[in-house]
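Contents: one structure, followed by commentary.
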Amino acid sequence: MKIAICDDISAIADKIEDILENYGDLNNLDLDILQFIDTESVEEHLLNGNSIDLIFLDIEFPEKSGIDLANFIRNIKKDCVIEIIFISGSDKYFRDLLEFQPISFISKPFVNSDIIKSFEVFLKRLDALSFKFQYKSGGTSHLVPLNEIFYFESEGKKINIYSEKNTDSFYGTFSELSEEFNRNIFIRIHKSYIVNFDKVTSITRNNIILSNGIELPIGRKYCSQVEDAILKMRSYG
């Protein structure tokens, strides 16, 4: 597992590396940790064909910012599947960072548990890649990887499922669906919608925008659940 730490303050990068190495030793994880003092070095590393699974990324740098690097990762190096954990001394960027679909946003100064909790969310997300949602439609069983699902829509006695590859429907209820999923990933935002929070790129007062451009309303009753999801991401993922 290849992990990058990009921070221009070496003491902070060293602290994160120590926390991760100790966690890896305790949990028998093989971690390959690299430190970078600027975003340009990370770009060069990726352009040279090297891979990264996860990056702890500071935002403010003298030249190219962490936001610039996140944009490079998501929009230019699309072939790279890299998870991002933002770290910053300022939380003014938080909502703007949602479009990069980070695991979390950690505020400086941080404690060991902040790093560990976010890293554990990353590990759970890796596990989720192997999980598939099963449903029956037209007498046929279907399997859809969780990470490919954008959202579910309740329509009468049916549930519509919208994924990266197609749209389908099946009979069921949201109460049954809610019990099946990890609530850290799938959040009910409206009486008619359950969304994959990993697909959320923007949140306004009344709406959520997904990475496929779909905009869905946030029901007044569910505002607190959306805020809780944001706070979890903001705190540790």
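Read in this note's numbering, the sequence shown has 97 at position 54, and its numbers run on one by one without any break.
Quick reminder that beta carbons are idealized off the backbone N, C-alpha and C, glycines included.
Item	Value
Opening and closing residue of the beta strand (DSSP E) in which Y194 lies	I192 to E198
Distance between A56 and G280 (C-alpha atoms, nearest Å)	Annotation note: pLDDT 45 at G280 (below 50); position unreliable, coordinate value reported separately. Near 19 Å, if we compare the C-alpha coordinates of A56 and G280.
C-beta atoms of N118 and F193 nearer than 7 Å	no
Cβ shell of Q268 (< 8 Å), same chain only, five flanking positions each side left out	I230, R231 and I232
Cβ neighbour criterion (16 or more within 10 Å) applied to A54	exposed
Three-way DSSP call (helix, strand, coil) for R138 in this model	helix
Boundaries of the alpha helix (DSSP H) in which N65 is found, first to last residue	S53 to L69
Validate contact between the segment 178 to 186 and the segment 146 to 157 using beta carbons, cut 8 Å, 3 pairs	no
H185 versus V124: straight-line alpha-carbon distance, rounded	25 Å
Backbone CA spacing between D61 and S131 [nearest angstrom]	19 Å
Span separating the alpha-carbon of C266 from that of N249	9 Å
Whole-number beta carbon distance between T244 and E142, since they are thought to touch under 8 Å	4 Å
Buried versus exposed, by CB contacts within 10 Å (16 or more), L97	buried
Rounded separation between E64 and L74 - CA only	7 Å
Proximal residues to K201 (C-beta, below 8 Å), its chain only, five neighbours per side dropped	S212, F213, Y214 and G215
Environment of E126 [buried if 16+ CB atoms lie within 10 Å]	buried
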